[in-house]
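Once you know that position 113 of the sequence shown is 124 in the working numbering, the rest is easy, because the numbers rise by one and skip nothing.
Note that beta-carbon positions come from the ideal geometry of N, C-alpha and C, so glycine has one too.
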Amino acid sequence: MIKVNLLRSIDTNKVRVPEETVSRTIQFKSGERSEVVQVLIRLGLIIIWPLLIFLYSWNIVSTKTSELSVVNTEMATLDADIETAKSTFKSLEGYLTDNENLNLLVGSIAGLSKRRKLAIENLDNLQKLTPPRVWFNEIKYNENAINIQGMAVNNDDFSDFLKALNETAFFQRVETVKNEEIKKKYGKVRAFEVICPLAGKI
């Protein structure tokens, strides 16, 4: 096999590339690189902007989600407080009702005690000013007056009793309903009925 060196047969001094071609080639390669860089920059912007927008949106969503969670927690706490307040109000309402009923009961007892005390005082005073020869068959109490039915030995005894009733401060304007003579086994007596309006209500 025979090898021939063809390079030696070519005179490099005689083969020359025009300078314009070299310059154009260099300019072309430089222009290609510039366009590639611009394309890469554009691609980078196209990719980076959506990424930045996504990250920003994700941050906002995360923040709002956290705030919403806090608000929901506060609302749950507020609802629990409202339920507790309702329960407390119901208990208080029941207590107030019981307290009102208790006050009514105490007031009724106090009223009964006052009426009983006044009735006892009136009976005591009635007994003190009743003459010895006057006695009672029936005594009726109402809110404004005492109705007394009884007997007296004679009319003078009844007159003394009526005078004593009119002079006392516990009764006012005593009214005689009946004053008549009747016969009993032991003799004649005066049967009477008087209404004594009270100076103070029983």
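Sixteen is the threshold: when 16 or more other Cβ atoms of the shown chains lie within 10 Å of the Cβ of Gly-161, as they do, the residue is buried.
Straight-line spacing of the CA atoms in Pro-142 and Asn-112 works out to 46 Å. Here DSSP, grouped into helix, strand and coil, assigns Pro-61 to helix. C-alpha of Asp-90 to C-alpha of Thr-108: approximately 27 Å in a straight line. Contact holds between the region 151-167 and the region 197-213, because three or more Cβ pairs, one in each stretch, are under 8 Å apart. In the three-state scheme derived from DSSP, where H, G and I count as helix and E and B as strand, Ala-175 is classed as helix. Annotation: the continuous beta strand (DSSP E) that includes Phe-147 extends over 145-152. Within the region 154-210, the complete beta strand (DSSP E) segments at least 3 residues long are 156-163, 186-195 and 198-208, listed from N- to C-terminus.
Taking a 10 Å sphere around the C-beta of Val-81, we find fewer than 16 other C-beta atoms and assign the residue as exposed. Excluding sequence positions up to five before and after Gln-183, its CB lies within less than 6 Å of the CB of Pro-208 and Ala-210, all in the same chain and listed in chain order. Of all alpha-carbon atoms in Phe-181, Asn-190, Thr-179 and Val-185, the one lying nearest the alpha-carbon of Asp-168 is that of Asn-190. By alpha-carbon distance to Ala-180, the top candidate from Lys-196, Leu-137, Val-145 and Asn-148 is Leu-137. Judged by DSSP in its simplified three-state form, Leu-115 adopts helix. Rounded to whole angstroms, the gap between the alpha carbons of Leu-66 and Ser-73 is 10 Å. Just so you know, the alpha carbons of Ala-175 and Asn-158 end up roughly 16 Å apart. Taking C-beta atoms as the reference points, Glu-186 and Ile-206 count as a pair closer than 8 Å.
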